[in-house]
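Asks:
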Amino acid sequence: MTDTNFVSLPGVLTCAVGGVIRAFAWSFNREASQVASARRIENLADLQKEGSKASELVTVTGIAWSSHPLKCELSDRKAILAESWIDRHILRTVDTKSWVRNHEKSTERIRSSRRDTPWCLVDSSGSACLPVLNAWTAKYLPWEYTEIHTPEDRGLAQKALDMLSGMRAVGRTETEAVIPVNAQLTAVGELVSTSRPGAVSSGSIRSQKGHVVALQAPQRGGPFILTDHSLPQLLETLNSRTHMAKFIANCFIGVGAAIITYRAIQAALQLRRKRKERRRAQEISQKRRLAEQQRRMSVQSHRRGQLASAAQATGVDGAREEGLCVVCIDSRADSVFLCGHMCVCELCATGLSACPICRRRSRPIRVFAT
Numbered sequence: 001m002t003d004t005n006f007v008s009l010p011g012v013l014t015c016a017v018g019g020v021i022r023a024f025a026w027s028f029n030r031e032a033s034q035v036a037s038a039r040r041i042e043n044l045a046d047l048q049k050e051g052s053k054a055s056e057l058v059t060v061t062g063i064a065w066s067s068h069p070l071k072c073e074l075s076d077r078k079a080i081l082a083e084s085w086i087d088r089h090i091l092r093t094v095d096t097k098s099w100v101r102n103h104e105k106s107t108e109r110i111r112s113s114r115r116d117t118p119w120c121l122v123d124s125s126g127s128a129c130l131p132v133l134n135a136w137t138a139k140y141l142p143w144e145y146t147e148i149h150t151p152e153d154r155g156l157a158q159k160a161l162d163m164l165s166g167m168r169a170v171g172r173t174e175t176e177a178v179i180p181v182n183a184q185l186t187a188v189g190e191l192v193s194t195s196r197p198g199a200v201s202s203g204s205i206r207s208q209k210g211h212v213v214a215l216q217a218p219q220r221g222g223p224f225i226l227t228d229h230s231l232p233q234l235l236e237t238l239n240s241r242t243h244m245a246k247f248i249a250n251c252f253i254g255v256g257a258a259i260i261t262y263r264a265i266q267a268a269l270q271l272r273r274k275r276k277e278r279r280r281a282q283e284i285s286q287k288r289r290l291a292e293q294q295r296r297m298s299v300q301s302h303r304r305g306q307l308a309s310a311a312q313a314t315g316v317d318g319a320r321e322e323g324l325c326v327v328c329i330d331s332r333a334d335s336v337f338l339c340g341h342m343c344v345c346e347l348c349a350t351g352l353s354a355c356p357i358c359r360r361r362s363r364p365i366r367v368f369a370t
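Mind the numbering: the sequence shown is residues 1 to 370 in full-length UniProt numbering, read in order.
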């Protein structure tokens with residue numbers, strides 16, 4: 001980067017990061033606006049009475065229910081969605097006395113699985129049921145975690161193998177994340193008419209064509225949310241996230257603009273200083289040339305006076321006697337005209353088109369002495 005480069009790469013990159021975060025803030029704000037403008041259904045029974053429109057974005061509050069719930073593996077609860085995995089923790093040895101955790105191979109995922117079952121949202125009375133499709137794609141799923149750590153059973157033979165291999169299995173951790181039945185949920189999604197067998201249950205809301213009305217992710221893009229927060233809490237969370245993203249983006253953009261401005265001012269000052277130095281150098285050079293010209297003119301004037309005095313005393317042309325240029329009377333005459341007069345130097349001959357002695361028009365020719 002040169003000193004006069006007005007563009008600051010760190011400032012541009014900082015502003016670019018701020019722009020990316022600003023785009024995320026715009027996305028968060030759009031999501032919050034869509035949730036706020038969605039149709040609010042206070043009671044599922046009202047939706048069954050009023051009817052529904054396909055592809056309509058709604059917010060629904062209800063209780064998670066399933067006719068065939070999942071049985072949790074690590075607890076005696078029942079769930080509508082379940083995800084479980086088993087991690088194996090491994091240590092490596094540094095010497096024969098101490099064991100330390102190997103951060104690259106400290107955890108090994110042994111098994112991972114997902115399970116779901118057809119489920120729906122019901123109101124408090126249980127008279128209306130709204131099936132939810134493809135719940136795995138929803139945001140902010142309210143998982144409840146259960147974790148069990150099981151130490152590794154190590155016998156004498158296993159200890160010997162550990163010492164030989166340099167690695168020891170400490171134990172395994174089983175983790176299960178579930179959304180339990182009877183959880184109070186707030187759902188934001190798109191209403192759709194479906195005839196899927198898993199969506200049909202007693203109390204299902206039906207459309208005018210007799211199909212079951214279900215809730216799913218919007219097909220044309222939009223928020224699909226399942227959370228245990230109430231709608232005001234959800235909107236507050238989305239708005240606070242939007243404001244935080246905007247604040248961070250403004251900070252990045254402000255810092256980037258300050259860096260760019262500082263760099264531009266610094267480059268402008270450096271350019272101004274260089275121009276002043278260049279102008280000062282030109283002035284000094286011009287003064288030196290003028291002084292040199294004045295010195296040469298003074299020397300020429302002095303020599304002319306000497307030649308004139310010598311000519312008056314001897315009656316001979318001193319300039320011709322010494323072979324000097326009759327124009328500048330300073331340099332040796334080395335150019336001859338076609339008339340035969342060699343009376344000017346090469347520098348003065350370039351501006352002459354006639355002999356300065358006989359006034360005959362001719363071009364000068366350079367003469368080289370041997």
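C-beta: ideal position from N, C-alpha, C; glycine also.
If contact is defined by three or more beta carbon pairs under 8 Å, each pair taking one atom from either stretch, is the region 6–17 in contact with the region 249–268?
Replies: As far as the Cβ criterion goes, the region 249–268 touches the region 6–17, which means the pair count is three or higher.
Asks: Of the choices Arg111, Leu130, Glu174 and Trp65, whose alpha-carbon is the least far from that of Leu47?
Replies: As a position in the sequence shown, residue 47 is number 47, starting the count at 1. Measuring from the Cα of Leu47, the nearest candidate turns out to be Leu130.
Asks: Here's a check: name, in chain order, each residue in its chain whose Cβ is nearer than 7 Å to the Cβ of Asn43, leaving out the five neighbours to either side.
Replies: Counting from one through the sequence shown, the residue named residue 43 turns up at place 43. Excluding residues within five positions, the ones whose Cβ falls inside 7 Å are Asp123.
Asks: Rounded to the nearest angstrom, what separates Ser113 and Ala157 at their Cα positions?
Replies: By 1-based counting over the sequence shown, the position of residue 113 is 113. By 1-based counting over the sequence shown, the position of residue 157 is 157. If I take the Cα positions, the gap works out to 32 Å.
Asks: For the region 30–43 against the region 52–71, are there 3 or more C-beta pairs whose distance is under 8 Å?
Replies: Short answer: they touch.
Asks: In the DSSP assignment, what are the bridge partners of Glu144?
Replies: Residue 144 sits at position 144 when you count from the first residue of the sequence shown. Paired residues: Val178.
Asks: Alpha carbon to alpha carbon, how far is Leu141 from Gly222? Give it in angstroms, no decimals.
Replies: Locating residue 222 in the sequence shown gives position 222, where the first residue counts as 1. Locating residue 141 in the sequence shown gives position 141, where the first residue counts as 1. Going by the C-alpha atoms only, they are around 16 Å apart.
Asks: Nearest to Pro73 by alpha carbon, out of Ala32, Leu133, Ser106 and Val178?
Replies: Here residue 73 refers to the residue found at position 73 when the sequence shown is read from its first residue. Note that residue 73 is Glu in the sequence shown, not Pro. Considering only alpha carbons, the answer is Val178.
Asks: Give a yes or no on whether the C-beta atoms belonging to Ile248 and Ile21 are separated by under 8 Å.
Replies: For the purposes of this step, residue 248 is identified with residue 248 of the sequence shown, where counting begins at 1. For the purposes of this step, residue 21 is identified with residue 21 of the sequence shown, where counting begins at 1. Closer than 8 Å, so yes.
Asks: What number of angstroms, rounded off, separates the C-alpha of Gly19 from the C-alpha of Ser125?
Replies: Counting from one through the sequence shown, the residue named residue 19 turns up at place 19. Counting from one through the sequence shown, the residue named residue 125 turns up at place 125. Those two C-alpha atoms are separated by around 49 Å.
Asks: If you draw a straight line from the C-alpha of Tyr145 to the C-alpha of Ala82, how long is it?
Replies: By one-based count along the sequence shown, residue 145 stands at place 145. By one-based count along the sequence shown, residue 82 stands at place 82. One C-alpha to the other measures close to 10 Å.
Asks: If you draw a straight line from the alpha carbon of Leu271 to that of Glu277, how long is it in whole angstroms?
Replies: Translated into positions along the sequence shown, residue 271 becomes position 271. Translated into positions along the sequence shown, residue 277 becomes position 277. When rounded, the distance between both Cα atoms is 10 Å.
Asks: By the 10 Å Cβ neighbour count, where 16 or more other Cβ atoms means buried, how is Ala291 classified, buried or exposed?
Replies: As a position in the sequence shown, residue 291 is number 291, starting the count at 1. Looking at its Cβ environment, which holds fewer than 16 other Cβ atoms inside 10 Å, Ala291 is exposed.
Asks: Cα separation between Cys251 and Ala245?
Replies: Here residue 251 refers to the residue found at position 251 of the sequence shown. Here residue 245 refers to the residue found at position 245 of the sequence shown. Distance between the alpha carbons of Cys251 and Ala245: 10 Å.
Asks: Would you report the Cα separation of Gln233 and Gln216, rounded to the nearest angstrom?
Replies: For the purposes of this step, residue 233 is identified with residue 233 of the sequence shown, where counting begins at 1. For the purposes of this step, residue 216 is identified with residue 216 of the sequence shown, where counting begins at 1. About 22 Å.
Asks: By the three-class DSSP mapping on this structure, what secondary structure does Ala199 have?
Replies: Position 199 of the sequence shown, counted from the start, is the residue given in the question as residue 199. Only weak support is given to the placement of Ala199: the predicted model assigns it a pLDDT of 48, under 50, and the value that follows is read from those uncertain coordinates. Residue state, collapsed to three classes: helix.
Asks: Could you check how far apart the C-beta atoms of Ala187 and Ile225 are, in whole angstroms? I think they sit under 8 Å.
Replies: One-based indexing of the sequence shown puts residue 187 at position 187. One-based indexing of the sequence shown puts residue 225 at position 225. Contact holds; Cβ gap of about 7 Å.
Asks: Taking only three categories from DSSP, how would you classify Gly351?
Replies: One-based indexing of the sequence shown puts residue 351 at position 351. Coil at Gly351, not helix or strand.
Asks: Do residue 379 and Ala183 have their C-beta atoms closer together than 8 Å?
Replies: One cannot answer for residue 379 here, as it falls past the ends of the chain, which runs 1 to 370.
Asks: Taking the Cβ atom as the reference point for each residue, do Cys343 and Ser362 lie within a distance shorter than 8 Å?
Replies: Locating residue 343 in the sequence shown gives position 343, where the first residue counts as 1. Locating residue 362 in the sequence shown gives position 362, where the first residue counts as 1. Contact flag unset, no.
Asks: Do you know whose CA, among Pro180, Ala257 and Thr107, lies nearest Phe6's CA?
Replies: Here residue 6 refers to the residue found at position 6 when the sequence shown is read from its first residue. Phe6 has its Cα closest to that of Ala257, out of Pro180, Ala257 and Thr107.
Asks: Does the beta carbon of Thr175 come closer than 8 Å to any beta carbon on chain C?
Replies: Protein chain content of the structure displayed is limited to a single chain, and chain C is not contained in it.
Asks: Rounded to the nearest angstrom, what separates Ala199 and Cys120 at their Cα positions?
Replies: Mapped onto the sequence shown, residue 199 falls at position 199. Mapped onto the sequence shown, residue 120 falls at position 120. With a pLDDT of only 48 at Ala199, under 50, the local geometry of the prediction cannot be trusted, and the value read off the model is given with reservation. Between Ala199 and Cys120, the C-alpha separation is close to 8 Å.
Asks: Taking the beta strand (DSSP E) that Thr227 belongs to, which residues open and close that run?
Replies: The sequence position of residue 227 within the sequence shown is 227, counting from 1. Taken as a continuous stretch (DSSP letters only), the beta strand (DSSP E) holding Thr227 covers Ile225 to Thr227.
Asks: When you compare each of Trp85, Arg241 and Gln219 to Asn29 by their alpha carbons, which one comes out closest?
Replies: The residue you call residue 29 lines up with position 29 of the sequence shown. Taking only the C-alpha atoms, the option nearest Asn29 is Arg241.
Asks: Do you know how far the Cα of Ser331 is from the Cα of Phe337?
Replies: Mapped onto the sequence shown, residue 337 falls at position 337. Mapped onto the sequence shown, residue 331 falls at position 331. If I take the Cα positions, the gap works out to 17 Å.
Asks: Would you report the Cα separation of Ser353 and Arg288, rounded to the nearest angstrom?
Replies: The residue labelled residue 353 in the question sits at position 353 within the sequence shown. The residue labelled residue 288 in the question sits at position 288 within the sequence shown. Computed Cα separation, rounded: 31 Å.
Asks: Mark Thr350 as exposed unless 16 or more other C-beta atoms lie within 10 angstroms of its C-beta, in which case mark it buried.
Replies: The sequence position of residue 350 within the sequence shown is 350, counting from 1. Looking at its Cβ environment, which holds fewer than 16 other Cβ atoms inside 10 Å, Thr350 is exposed.
Asks: Would you please state the rounded distance, in angstroms, between the beta carbons of Ile357 and Ser335? I believe it to be under 8 Å.
Replies: For this step, residue 357 is matched to residue 357 along the sequence shown. For this step, residue 335 is matched to residue 335 along the sequence shown. Rounded, the Cβ-Cβ distance is 13 Å, inconsistent with contact.
Asks: Can you tell which of Arg360, Cys355, Glu346 and Arg359 has the C-alpha that lies nearest to the C-alpha of Phe368?
Replies: For the purposes of this step, residue 368 is taken as residue 368 along the sequence shown, with counting starting at 1. Taking only the C-alpha atoms, the option nearest Phe368 is Glu346.
Asks: Are Ile86 and Glu174 closer than 8 Å when you measure CB to CB?
Replies: As a first step, residue 86 is located in the sequence shown; it is residue number 86 there, counting from the start. As a first step, residue 174 is located in the sequence shown; it is residue number 174 there, counting from the start. Their beta carbons are under 8 Å apart, which means Ile86 touches Glu174 by this criterion.
Asks: Pull the bridge partners of Gly340 from the DSSP assignment, please.
Replies: By 1-based counting over the sequence shown, the position of residue 340 is 340. Note: Gly340 sits in no beta bridge, so no partner.
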